Structures are given as structure tokens and as C-alpha cells.
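This report concerns only the one structure given below.
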Amino acid sequence: MSKLPWTSFRAFSTSSHLASSSKPIQHTVRRTWRPIDPLRTMGRRAFSGPAPFPTSGRASLLRPLNMLVVIIPFFTFSLGVWQVKRLRWKLDLIDEIQRNIEKDPMILPPNINISALPDFAFRRVLLRGVVEGPPILLGPAVEHGVPGAYLIQPFHRAEPGASTIMLNRGFITKTRADAIRAGTQTPGGEVGQEVIIEGMLTKKFDEGKGSWQHDNQPEQNLWFWKDIPGMAEWFGGETKGVQPVLVDAIDRGDHPPTMLMQAGIPLGRPATVEIRNQHATYAMTWFSLSAATAGMLIYLLRKGSGARKLPKTMRPV
Numbered sequence: 425m426s427k428l429p430w431t432s433f434r435a436f437s438t439s440s441h442l443a444s445s446s447k448p449i450q451h452t453v454r455r456t457w458r459p460i461d462p463l464r465t466m467g468r469r470a471f472s473g474p475a476p477f478p479t480s481g482r483a484s485l486l487r488p489l490n491m492l493v494v495i496i497p498f499f500t501f502s503l504g505v506w507q508v509k510r511l512r513w514k515l516d517l518i519d520e521i522q523r524n525i526e527k528d529p530m531i532l533p534p535n536i537n538i539s540a541l542p543d544f545a546f547r548r549v550l551l552r553g554v555v556e557g558p559p560i561l562l563g564p565a566v567e568h569g570v571p572g573a574y575l576i577q578p579f580h581r582a583e584p585g586a587s588t589i590m591l592n593r594g595f596i597t598k599t600r601a602d603a604i605r606a607g608t609q610t611p612g613g614e615v616g617q618e619v620i621i622e623g624m625l626t627k628k629f630d631e632g633k634g635s636w637q638h639d640n641q642p643e644q645n646l647w648f649w650k651d652i653p654g655m656a657e658w659f660g661g662e663t664k665g666v667q668p669v670l671v672d673a674i675d676r677g678d679h680p681p682t683m684l685m686q687a688g689i690p691l692g693r694p695a696t697v698e699i700r701n702q703h704a705t706y707a708m709t710w711f712s713l714s715a716a717t718a719g720m721l722i723y724l725l726r727k728g729s730g731a732r733k734l735p736k737t738m739r740p741v
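Structure (C-alpha cells):
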């Protein structure tokens, strides 16, 4: 056998091997594996969907809670302004009441102009005439911790041609009021005798039915709230010359209230008027709440003015 060159033999061997092999050629691909960085993966997942927090101030303000924070400062500020206006009204009312109380008592005209009565609220008056007629018991009421009712009767004025008005003689205890309703006792006092009484015209805004008060029942002489026109009609109205004018008898404090109530004597109203005035406190409360919520609003606006920055490990690659 002749010797062949090595190169020729290598080529022949390779070609013979390829020709004799019936299996397909398989190529092996090597892959290089490296560990997964959890921070990079978490960053991709975090930015694959919607952002978990707003990235602009406008988006932040659209939340219901933030919208409420936007509205509250303006709403509470308006309430504070309203309380300031109420404070001015209450101070003017107190000054007007004080001026009327300090004036000398006046004599009512024979025929009273009903439309002008609000201008004379808390004005002291002198009455001369006779207390006579069926009583009205207005209540329930409480004075000095004692339950009872107010005793109201017609007052026939002694001036010629003068109309009849209504006189609130004062407070009596519940025991005495029940006895008068049952007919076992009379209202008492100088009934049928001419007397001179110092009283005060009632305030107009003290009339009317309250939210939790019962309806008056005139047919049964049950009165739960001050209905001056209805009371005047019950006493006879225009047919008997009764005008819808109510005067409260004044008690000068010459005797202790408990002694008068135990003796069954009606307890008149004091000559002074106390009006509650808390509008300044209410205004300060609303203004303080407005300032606090305005600070919260400014904080939210500054916080949402730009995109929130993530740490480097959370940023997408």
C-alpha cells in the first residue's frame, strides 16, 4: 500500500465518517448563566404597571380625601365670617335692649299699634287697671330649679277707651298650677281691684313653636308655647276688645323667690335681661380650624408638586 499524505487521509477519514453516519448532526449551544439581581427585577416590575402613588400635584388633588381638605379651609372661613356678623348683630341688640331698659317706664296708648311693638321690645311700662278673667297656664316651665307654669290673665286698663291686654303675672309651681286647672284654687291676688303694675313688653323673637314642643290645645286650655294672637282670641279677641299684647310683670326682688313660690304668689321676671353671647368664641374656633386645614392643604400641594424620586436600586434600567 502506498502511503498517502496525512492531510489527504484526514480529509478522507472525515468524509467517510460523515457519509457512514446516519444520525443528524446536533450542534450544542452553550449558555452562560448568571444570578438574577432582585433589585433590578423589582424595579422592572414596579414600573411595568401604574404607579403606586401620584406623580403630579393635579393627580393628588383629585383624591376624595384631598378634595375634602381643599374645601374645608374655605368652608370654615366662611363660617367664621358669618359668626363675626352674628357677633355684631348680637352686640347691637344688647345695646338696644340696655337703652330700652334704662328708659323711664311709659304709659301705653289706649289703642296700641301692633306693628310698632317690635321697636319697643324690653321697654318698661306702667299699667293701671284690673286683673280679671279666666287664667292661661303656659308651660311647662322651670324657675330656680322648680317646675311649674306661667300665669297669664286679661288686664282691663283703667284709661277711658283703652283696650284690654294680657298680663303675665309670673311663675307658679306645678302643684299650684294643677290646683288651678282642677278648679280647687283660684289664681288669687287682687282680682277685681284696681292696681298699678310695672311690666315689660316681651320680645318678638321669643314667640313661636319650638322644634320639640307640643301643639297648643286651646279647646282644653293647654298652652305649651307662646302664641300671643291665639291667646288673645281665646280671651275674646276683638269682640271683647282684647289686643294681642303681652306684658310681663316685673319682680323687684323685695322677697326671696322661694318664699313667693311657697306662698303661691306669682314670681315676676327680673328688671334686667341677660342674653347669651358666644359668637366670638365660635368665630375663633372656625378661624382656627380654617388655618389648620389650610396648612394641611399647602403641605399636600408641595408634596405633590413634583415626581417622587426612587432610590437607585428601584429605578428601571
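One rule links them: number in our numbering = place in the sequence shown (from 1) + 424. Quick reminder that beta carbons are idealized off the backbone N, C-alpha and C, glycines included. What you are looking at is a predicted structure, and each value in this text was computed from that prediction instead of being measured.
Give every residue of the same chain whose Cβ lies closer than 7 Å to the Cβ of residue i, excluding the five residues on either side of it in the sequence, and list them in chain order.
| i | result |
| --- | --- |
| G660 | V666 |
| G553 | F579, H580, R581, A582, E618 |
| E372 | Residue 372 lies beyond the range of the chain shown here (425 to 741); nothing can be said about it. |
| G654 | N640, P642 |
| V570 | T597, M685 |
| N744 | With the chain covering 425 to 741 only, the question about residue 744 has no answer from this structure. |
| Y646 | Position check: residue 646 holds Leu in this sequence, whereas Tyr was assumed. If we look at L646 and ignore the five residues flanking it on each side, its Cβ neighbours are N640. |
If I measure Cβ to Cβ from residue i and keep anything under 8 Å in the same chain, skipping five residues before and after, which residues do I get?
| i | result |
| --- | --- |
| A475 | The pLDDT assigned to A475 is 43, lower than 50, so where the model puts this residue is not dependable; a value taken from the coordinates is nonetheless given after this. Within the same chain, A475 has no close Cβ partners at all. |
State yes or no: is the C-beta of residue i within less than 8 Å of the C-beta of residue j?
| i | j | result |
| --- | --- | --- |
| P488 | A718 | no |
| I525 | V669 | no |
| L724 | V493 | yes |
| R605 | L561 | yes |
| L517 | H703 | no |
| L691 | F595 | yes |
| I577 | L591 | Checking the displayed sequence, the identity of residue 577 turns out to be Gln instead of Ile. A contact, by the Cβ cut-off of 8 Å. |
| F546 | M624 | yes |
| A695 | R676 | yes |
| D672 | T626 | yes |
Could you name the residues that DSSP lists as bridge partners for residue i?
| i | result |
| --- | --- |
| A673 | G623 |
| L591 | Q577, V671 |
| Q641 | L646 |
| P571 | V566 |
| I596 | A573 |
| V666 | T588 |
Between residue i and the rest of its own chain, which residues show a CB-CB distance below 6 Å, the 5 nearest in sequence each way excluded?
| i | result |
| --- | --- |
| F501 | S714 |
| D651 | N640 |
| S445 | Any reading at S445 needs caution, since the residue's pLDDT is 47, under 50, leaving its predicted position unreliable; the model's value is listed next. None. |
Shortest alpha-carbon distance to residue i belongs to which of the options?
| i | options | result |
| --- | --- | --- |
| V566 | V493, F648, E520 | F648 |
| R600 | K627, T705, P564 | P564 |
| W710 | I699, M491, V508 | V508 |
| P558 | G612, M624, V671, A586 | G612 |
| A603 | R593, A716, A573, D543 | A573 |
| E556 | A716, D543, K664, R700 | K664 |
| I589 | K727, P681, N645, E662 | E662 |
| I521 | M720, L503, F544, I538 | F544 |
| N701 | P681, D519, T682 | D519 |
| I699 | K514, I538, H679, N490 | K514 |
What residue ranges within the segment 509-558 form continuous beta strand (DSSP E) runs of no fewer than 3 residues, ordered along the chain? 548-555
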